[in-house]
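Participant: One structure is given below, represented as structure tokens, and several questions about it will come after.
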Amino acid sequence: MSEVTAHRASILHCLRDPSDDKDPLASGSVEYFEDGLLMVADGYVDRLGPAEALLKELPSNVKVVEYGDKLIIPGLIDCHVHYPQIDIIASYGERLLDWLEKYAYPAERKFADPEHAKEVAEFFVQELLRNGTTTACVFATVHPQSVDAIFEAASKYGMRLIAGKVLMDKNCPEDLRDTPETGYEQSRQLIEKWHGRDRLSYAVTPRFAITSSEEQLRQAGRLLKEYPDVYLHTHLAENEEEVAQVARQFPWSRSYLDVYEHFELVRERSVFAHCIHMHDDDRKLMARKGAAMTFCPSSNLFLGSGLFDLQMGRQCGVRVSIGSDVGGGTSLSILRTLGDAYKVLQLKGQSLTPFGALYLATLGSARGLHLEDRIGSFRKEKEADFVVLDASREAITNRRWRETEDIVPRVFALLMLSDDHTVTDTFLKGKRTEDFGWERDSRLVD
Ligand SMILES: [Zn+2]
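Structure (structure tokens):
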């Protein structure tokens, strides 16, 4: 007998990118049930529809969880975040390259201690869940034990998580370096140990072109050939100074992306964070290869890196996802990150539509990770990762929500105003994550 539960609430999800649709609800790119029922069987979406009709057909032994007029959406996806940087979030005064030296590297050095890695990983995963993030693509540090720690923490909750050991063998502190050989060997062992276990996937993770020798990038390409279904996760064209340094370091290259392309790192399941200062030819190359850009608006504003061009990315046909990029970003909340995304695009003279924002944080990011057949919407047989949002938890949000009954302005205001306070429940494969031994409210410090 399969285990079936039903969740009754307002339910909203995207079935495809609604950004160009005049009326996404009419065109069917977005589906909304004001009084909906989401049925989950053994962790997978079984049915979704209007509550009244579905309840009539429901066997009497199925438990129905009632959420009133709270809103259920698919679990949020964070496609670029550094868990070892959680303790240096909101560090003052630097741009990317100095920020790495002054804050990021000293924080990452502490992960030589496996106990420290374990403690931070557990804190980090619980914070993701509290923020409604159900899938994340995560940088660890150069230390293999930092990868063990984050995968162990995620697997406790059955969370979908992609992570990898950072590869860096030059232009960084001596005690944070690996070598092309040790980087290859440690990555290989971690892939063998973790990739495909539970919902965990490995990402070959060169920090960025600056901190790897050509031989190390070659070894990264070798890993991708030997393990074709792992991810590649790195940074690309975040900051102008960085782009100039890459051009000096690889004088033969046509562009920053060309460095990665040369070592065969641009492919399906390659996830490139930032992608700000780049040419359309490179955007088109990424599109052809099935690689993804991760838009990290909060970090790009905080580090003064630049303004992401979503319109160009979309026009060139690239998969675009969203990331918090903590510690460069200032919040693990993907909802708050969407607020920053909207503002960045306003400065570019572009727009992030209400449902386009929802798409970016759910199905769009799932597409970026080539996981759109598993997560990101409530299509039948997808993994039932979802979050419950409650607009009434904040006075202003509540007031704004009650001001209209139209879901379009409602959802836009909710996405712009929300953060972790709005998320009341986070479900992974149909299971309420707090039942796995953490408490949402006890995490708020008195
Ligand atoms: Zn980053």
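The sequence shown begins at 39 in the working numbering and counts up by one. C-beta: ideal position from N, C-alpha, C; glycine also.
#1: Return yes when the C-beta of H118 is under 7 angstroms from any heavy atom of ligand 1, and no when it is not.
#2: Going straight from the alpha carbon of D216 to that of P62, what length do you get?
#3: If we count the other Cβ atoms within 10 Å of its Cβ and call it buried at 16 or more, is P244 buried or exposed?
#4: Output needed for R470: all residues of its chain with C-beta closer than 8 angstroms, excluding positions within five of it in sequence on either side, in chain order.
#5: Are I115 and L76 closer than 8 angstroms when you measure CB to CB?
#6: Output the distance between the C-alpha atoms of A191 and W232, rounded to the nearest integer angstrom.
#7: Should G366 be counted as a contact of ligand 1 given a C-beta to heavy atom distance under 7 angstroms?
#8: Considering only C-alpha positions, which residue in the set C334, S430, E421, G377 is nearest to R9?
#9: When every heavy atom of ligand 1 is checked, does at least one fall within less than 7 angstroms of the C-beta of D363?
#10: Please classify R374: is it buried, with 16 or more other beta-carbons within 10 angstroms of its beta-carbon, or exposed?
#11: Just curious, the beta strand (DSSP E) that R46 is in, first and last residue?
#12: To which residues of the same chain is T435 closer than 6 angstroms at the C-beta, ignoring the five residues directly before and after it?
#13: Put K467 into one of helix, strand or coil per three-state DSSP.
#14: Answer yes if the segment 375-386 comes into contact with the segment 167-184, meaning at least three C-beta pairs across the two stretches below 8 angstroms, and no otherwise.
#15: Sort V102, G365, E472, D347 by Cα distance to D359 and report the nearest one.
#16: Taking the alpha helix (DSSP H) that L109 falls in, what are its first and last residues?
#17: I'd like the list of long-range same chain contacts for A187, defined as Cβ closer than 6 angstroms, with 5 residues on each side in sequence excluded.
#18: According to the neighbour-count rule (16 or more other Cβ atoms, all chains shown, within 10 Å of its Cβ), is K101 buried or exposed?
#19: Once you ignore the five residues that flank P392 on each side, which residues in its own chain have a CB closer than 6 angstroms to its CB?
#20: Under 8 angstroms between the Cβ atoms of K208 and S251?
#21: For a minimum of 4 consecutive residues, which ranges assigned as the alpha helix (DSSP H) are wholly contained in the segment 115-165?
#22: When you compare the CB positions of A532 and S291, do they come within less than 8 angstroms of one another, or not?
#23: Please confirm whether I200 and L407 have their CB atoms less than 8 angstroms apart.
#24: I'd like the list of long-range same chain contacts for K140, defined as Cβ closer than 8 angstroms, with 5 residues on each side in sequence excluded.
#25: DSSP has H408 in a bridge; who is on the other side?
#26: For A399 and E280, I'd like the C-alpha separation in whole angstroms.
#27: Could you check how far apart the C-beta atoms of A258 and V297 are, in whole angstroms? I think they sit under 8 angstroms.
#28: With a threshold of 16 other CB atoms inside 10 Å of the CB of P266, please say whether the residue is buried or exposed.
Facilitator: The structure says:
#1: Start at 1 with the first residue of the sequence shown, and residue 118 comes out as number 80. Flag set: Cβ of H118 near ligand 1.
#2: For this step, residue 216 is matched to residue 178 along the sequence shown. For this step, residue 62 is matched to residue 24 along the sequence shown. Those two C-alpha atoms are separated by around 49 angstroms.
#3: For this step, residue 244 is matched to residue 206 along the sequence shown. Classification for P244: buried.
#4: Here residue 470 refers to the residue found at position 432 of the sequence shown. Here the set comprises D463, T464.
#5: For the purposes of this step, residue 115 is identified with residue 77 of the sequence shown, where counting begins at 1. For the purposes of this step, residue 76 is identified with residue 38 of the sequence shown, where counting begins at 1. Not a contact, by the Cβ cut-off of 8 angstroms.
#6: Locating residue 191 in the sequence shown gives position 153, where the first residue counts as 1. Locating residue 232 in the sequence shown gives position 194, where the first residue counts as 1. Taking the straight line from one Cα to the other gives about 13 angstroms.
#7: Within the sequence shown, residue 366 is the residue found at index 328, counting from 1. True, at least one ligand heavy atom lies under 7 angstroms from that Cβ.
#8: The shown model of the chain, from 39 to 484, leaves out residue 9, and the question about it has no answer.
#9: Along the sequence shown, read from residue 1 onward, the residue named residue 363 stands at position 325. Under cutoff, so the answer is yes.
#10: The residue given as residue 374 occupies position 336 in the sequence shown. With 16 or more Cβ atoms within 10 Å of its Cβ, R374 is classed as buried.
#11: By one-based count along the sequence shown, residue 46 stands at place 8. Note, R46: beta strand (DSSP E), 42-52.
#12: Indexing the sequence shown from 1 puts residue 435 at position 397. Only A429, L455 meet the Cβ criterion.
#13: As a working mapping, residue 467 is identified with position 429 in the sequence shown. Note: K467 maps to coil in three-state DSSP.
#14: no
#15: Walking along the sequence shown from the start, residue 359 turns up at place 321. The amino acid occupying residue 359 in the given sequence is Ser; Asp does not appear at that position. The residue with the shortest Cα to Cα distance from S359 is D347.
#16: Looking up residue 109 in the sequence shown gives position 71. That residue, L109, is in no alpha helix (DSSP H); its beta strand (DSSP E) goes 101-112.
#17: Within the sequence shown, residue 187 is the residue found at index 149, counting from 1. Correct list, in chain order: A155, K156, A159.
#18: One-based indexing of the sequence shown puts residue 101 at position 63. By the 10 Å Cβ count, K101 comes out exposed.
#19: Counted from its first residue, the sequence shown places residue 392 at position 354. Contacts found: V446, V449, F450.
#20: Within the sequence shown, the letter at position 170 stands for residue 208. Within the sequence shown, the letter at position 213 stands for residue 251. Yes, they are a contact pair.
#21: 134-137, 143-147
#22: The structure shown has nothing for residue 532, since the chain only spans 39 to 484.
#23: The residue you call residue 200 lines up with position 162 of the sequence shown. The residue you call residue 407 lines up with position 369 of the sequence shown. It is a contact, given that the beta carbons lie within the stated cut-off.
#24: Translated into positions along the sequence shown, residue 140 becomes position 102. Same-chain partners within the cutoff: S129, E132.
#25: Numbered from 1 along the sequence shown, position 370 holds the residue referred to as residue 408. Answer by DSSP bridge pairing: none, since H408 is not bridged.
#26: For the purposes of this step, residue 399 is taken as the residue at position 361 of the sequence shown. For the purposes of this step, residue 280 is taken as the residue at position 242 of the sequence shown. Cα-Cα distance, rounded: 27 angstroms.
#27: As a first step, residue 258 is located in the sequence shown; it is residue number 220 there, counting from the start. As a first step, residue 297 is located in the sequence shown; it is residue number 259 there, counting from the start. With a Cβ gap of about 11 angstroms, A258 and V297 do not count as contacting.
#28: For the purposes of this step, residue 266 is taken as the residue at position 228 of the sequence shown. Under this definition P266 is an exposed residue.
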